[in-house]
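Following: one structure in structure tokens, then a few remarks.
Chains as they are written, first to last, in our numbering: chain G, 218 to 523; chain L, 24 to 373; chain Z, 2 to 488.
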């Protein structure tokens, strides 16, 4: 592989990884609080559509803000049903994703017509950082990205700091380890979990926005195509730690970018192999590490008040 | 006391009906908010599902077959405490196997070829579910995660198959050659309704008998309710129950994939399933995991799916909109169950 | 100085059951006050009300002279109350310092929390190393941490709910000694217990609850174990001796034989079982005396076929019936009917199982008979197991265990959580079973109760079986349980 190809590949890997990174960091917050939210796929899709609507109406920043709002709204529904009422998290999340696919499909058709929005949306331009972006190989990948990608990078240490260096993070993690014992220590478990879920939803929405406004440039029905579920795999592979989640997101991004690369090269190796590689690796990691990893002990458990 | 218990039993029976009503109402509201004419859209939906004999026989019932079949399997798994959300992948595994085997059996008598195709589909679904079983029993990996992840692997497998080993002979379209007649399920002449419906109904009755009257069926239910007590008091091998339930559930989903290829599409392609594996979760939940009720709820969701196509044609409303109704129905059922369970517990603590 | 905590006229009912009927309770400043009572007497309920976990229907709560309206434990905590629960409430994945910081509501950096934890431990006498993960600590240290956590939240009034029940006796005594020293810091404590010795040893004053009312309240001085027991039970306590010892030569064949059996521990705090050798004869009623976590869980489960021995041979004549300690977690399908629970316990051998089929009609009819025969208070065979009281659940479990016509009956703390009458009935059933030729092995945490019931005692200490010669006295058995050797 020549150097230009490698440079291009790495740049596209980081670009592809950005929506995954947002969603996975958000889901890390949610899961650290003990809530597994399969609805982030729906939150991401809602965010993508909101970004398209907002972007068309008021530019990229309006799009990003609308996306966050949409993600928060979807996850608010999730929080009400699965956290407050204590219904099964897995099934609630699946249902909300179904609902979001349906609703976005309807609104998209009504707003943009049968042909869709096309490539008329504004996008976040690449913002090369002077000097650094000229670095060989990694310069393009790390320092010539859109503002959203940089924001994603900044979110990594920020989430880590929130989780491990603040009282709020301590309480959130406690809620994820044992709702019962946290309550005994005076932690308001339901409120914290709700906050974790809402942050997760907002981040997933932002992930949807970066998909539309910084990667693809348009919206299409079902366009997230399982990226929210992939984010959940990334969280697992990243052992519920924001720093390792970044690594896992880049790995998934690379695998997806490799797929495009191989399709364009037309080599004999089926590109689907690269597509499934991250999933298989996640399963292998789980098999090797479950029980020893930092999985929050109360993850996914229904909890009832009192 | 008995009057109250009777009222409660009625409330329990009516809850699914109420859930469906709420689902339709929210769908109408969503259509209104999105700027459609709900009357027009819902009318088209109704006609698409029940408007004519042809709609029922060629649109509604053929869609009910995979939904009921997968829903039975999911109900079985959930009852035994195995959270299988990988039915979509197991469906595709079954569809791939059915296509592969079906294409090889051109010269065989139908009476032999069709059972072989269906058996291959069932076995493939079971095999696809066996990795999550192994991961759970051997390494403690939650089946929720592993079955979910394998859905993507299965979709990639289909994508590779229809562009590689199973691509049609001219290598133009990403789909397989059509199955030979010998490998196709017999259908009611002039309709798309095939024998799979009878098989699915038979399976529903068998499962109902299994849970209601057999000791293993009871042990499955006990394991789902309290696995520790099932083991300690009932001597149940709960690991085996988990493996059997999840494996059988995969088998049902695989069989549904076989039905779809051998009875409806006659070929493999990438979006063969419009999310049957996920919709079937709603089917099973609305039926409260009961096999006979699964038939009814499978028919209802099939009506939504069938009607949605008509809605798209006649009212230009995207078919996926009906998923809003499905989502609301699932959540309504969940909430009513959660509240019921809480009330029961409140009584216990007293 | 006003009393630390006053409860006046507290009423609390659960459904149709009155738990507390007008209870008055006063904790003077700086005292250790023992709250005694049988299981179900209402002592935990009273303290949960004082801590804001439950709300009374009537009554006042006065804390340090101020009337308090407690909506939740947060309110109680702000007013200076701290509760140490019967079971550990720390988070195993967190370090000691993180747990203390969490419980104390500290808003500081982790490094500072480590230093503060260390300082607080040293000044209070409840020192715990801040660095290790709590999951790696021993039971004694964990319970010390529970107290430390309450102190971290600036608790001036400690409510301790049977804090020694999960500890080995030396650890328990150490904890109680340290508790007395807290008085010097101005901390007042309520010690909930049903152990008379604990009350007599460390309390200044004692309140005894019986059936939701105060049976006695006053200084410990002048009280004896006998007088307190009388207050608790309402009449002079008689030892529960029901059974005539079986002469050794009348014992039947051996129904359980363990040869040098080793089992790895089933839960974190336990010791597992090491080289256990033991015989149980038909018609014998053998008591298993042990402090929690000394291998009794493993012993019961290896005989019942629920745990696999690493070494050694287990011979048990079937059917073996096992009644596990935790009814709701290990024995019952709470959402299922009594008939279904009976069918579960009878496995595949019941008369109503034909081939793979269950005849539910027959099973239901038999359940109805057993409900009557064992005096279970239930609306019918179709009632869910979860809707029954603990005593009735246990009656149903014993009925199921005996219905199998067992050769061996294993009963792990079968009177847990039962009132006196139900407990006495359970013990009578065990005794009757032995008379009918069943080999019975029973563990009760209370040594006196156990000695009153059984023919013969074996002691488990650190996972090893210690045989006890006939005629060995109570004190000596106690020492064996606590120290593993004779005095």
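The beta-carbon is built from N, C-alpha and C at its ideal position, and this holds for glycine as well.
Assuming contact is defined by CB atoms lying nearer than 8 Å, are residue i and residue j in contact in what I supplied?
i	j	result
residue 162 of chain L	residue 296 of chain L	no
residue 485 of chain G	residue 240 of chain G	no
residue 323 of chain Z	residue 305 of chain Z	yes
residue 199 of chain L	residue 290 of chain L	yes
residue 310 of chain L	residue 317 of chain L	yes
residue 293 of chain L	residue 185 of chain L	yes
residue 233 of chain Z	residue 32 of chain Z	no
residue 166 of chain L	residue 269 of chain L	yes
residue 516 of chain G	residue 253 of chain G	yes
residue 3 of chain Z	residue 99 of chain Z	no
residue 193 of chain Z	residue 135 of chain Z	no
residue 377 of chain L	residue 82 of chain L	Coverage of chain L is limited to positions 24 through 373, which leaves residue 377 of chain L absent and any answer about it impossible.
residue 140 of chain Z	residue 294 of chain Z	yes
residue 500 of chain G	residue 106 of chain L	no
Alpha carbon to alpha carbon, how far is residue j from residue i? Give it in angstroms, no decimals.
i	j	result
residue 37 of chain L	residue 50 of chain L	20 Å
residue 424 of chain Z	residue 325 of chain Z	15 Å
residue 47 of chain Z	residue 21 of chain Z	7 Å
residue 279 of chain G	residue 271 of chain G	5 Å
residue 251 of chain G	residue 258 of chain G	18 Å
residue 219 of chain G	residue 300 of chain L	43 Å
residue 251 of chain L	residue 481 of chain Z	33 Å
residue 398 of chain G	residue 249 of chain G	15 Å
residue 412 of chain G	residue 388 of chain G	11 Å
residue 461 of chain G	residue 120 of chain Z	35 Å
residue 306 of chain L	residue 94 of chain L	6 Å
residue 238 of chain G	residue 354 of chain Z	56 Å
residue 431 of chain G	residue 283 of chain G	15 Å
residue 391 of chain Z	residue 419 of chain Z	6 Å
residue 183 of chain Z	residue 156 of chain Z	11 Å
residue 348 of chain Z	residue 245 of chain L	12 Å
residue 118 of chain Z	residue 406 of chain G	24 Å
Is it right to say residue i is buried, meaning 16 or more other beta carbons lie within 10 angstroms of its own, or is it exposed?
i	result
residue 520 of chain Z	Summary: the structure shown does not reach residue 520 of chain Z, with chain Z confined to residues 2 through 488, and so no result is reported for it.
residue 242 of chain Z	In this prediction, residue 242 of chain Z scores a pLDDT of 44, lower than 50, which makes its location untrustworthy; no coordinate-derived value is stated.
residue 194 of chain L	exposed
residue 52 of chain Z	buried
residue 35 of chain L	exposed
residue 288 of chain Z	buried
residue 24 of chain L	Its pLDDT being 42, under 50, residue 24 of chain L is placed unreliably in this model, and the value from its coordinates should be taken loosely. Label assigned to residue 24 of chain L: exposed.
residue 196 of chain L	exposed
residue 365 of chain Z	buried
residue 185 of chain Z	exposed
residue 351 of chain L	buried
residue 523 of chain G	With a pLDDT of 33 at residue 523 of chain G, under the threshold of 50, the modelled position of that residue is not reliable, and the figure given next carries that caveat. Its Cβ having fewer than 16 others within 10 Å, residue 523 of chain G is exposed.
residue 96 of chain Z	buried
residue 75 of chain L	exposed
residue 305 of chain G	buried
residue 366 of chain G	buried
Counting only Cβ pairs nearer than 8 Å, list the residues of chain C close to residue i.
i	result
residue 307 of chain Z	The question asks about chain C, but that chain is absent: this structure's protein chains are G, L and Z.
Verify the contact flag: residue i, CB atom, against every heavy atom of the ligand ZN, threshold strictly below 7 Å.
i	result
residue 121 of chain L	This structure does not include the ligand ZN; it has no bound ligands of any sort.
What residues in the segment 300 to 314 of chain G bring their beta carbon closer than 7 Å to a beta carbon of chain L? 302, 303, 304, 305, 307, 308, 309, 311, 312 and 313
Under 8 Å, CB to CB, which of the residues in the segment 82 to 115 of chain Z have a partner in chain L? none
Residues of the segment 253 to 282 of chain L with Cβ closer than 9 Å to any Cβ of chain Z, in chain order: 253, 254, 255, 256, 257, 258 and 259
Residue ranges of each alpha helix (DSSP H) run of no fewer than 4 residues wholly in the segment 313 to 381 of chain G, ordered along the chain? 355 to 360
Residues of the segment 50 to 76 of chain Z with a CB closer than 7 Å to any CB of chain G: list them in chain order, please. 74 and 75
Scan the segment 211 to 241 of chain L for residues whose Cβ lies nearer than 8 Å to a Cβ of chain Z and list them as they occur along the chain. 236, 237, 238, 239 and 241
Check distances from the C-beta atoms of the segment 300 to 318 of chain L to those of chain G and list, in chain order, the residues that come in under 9 Å. 301, 302, 304, 305 and 308
Enumerated in chain order, which unbroken segments of the alpha helix (DSSP H) with a length of 4 residues or greater are wholly contained in the segment 113 to 195 of chain Z? 140 to 153 and 170 to 182
Interfacial residues, the segment 186 to 199 of chain L to chain G, with Cβ spacing under 9 Å: 186 and 187
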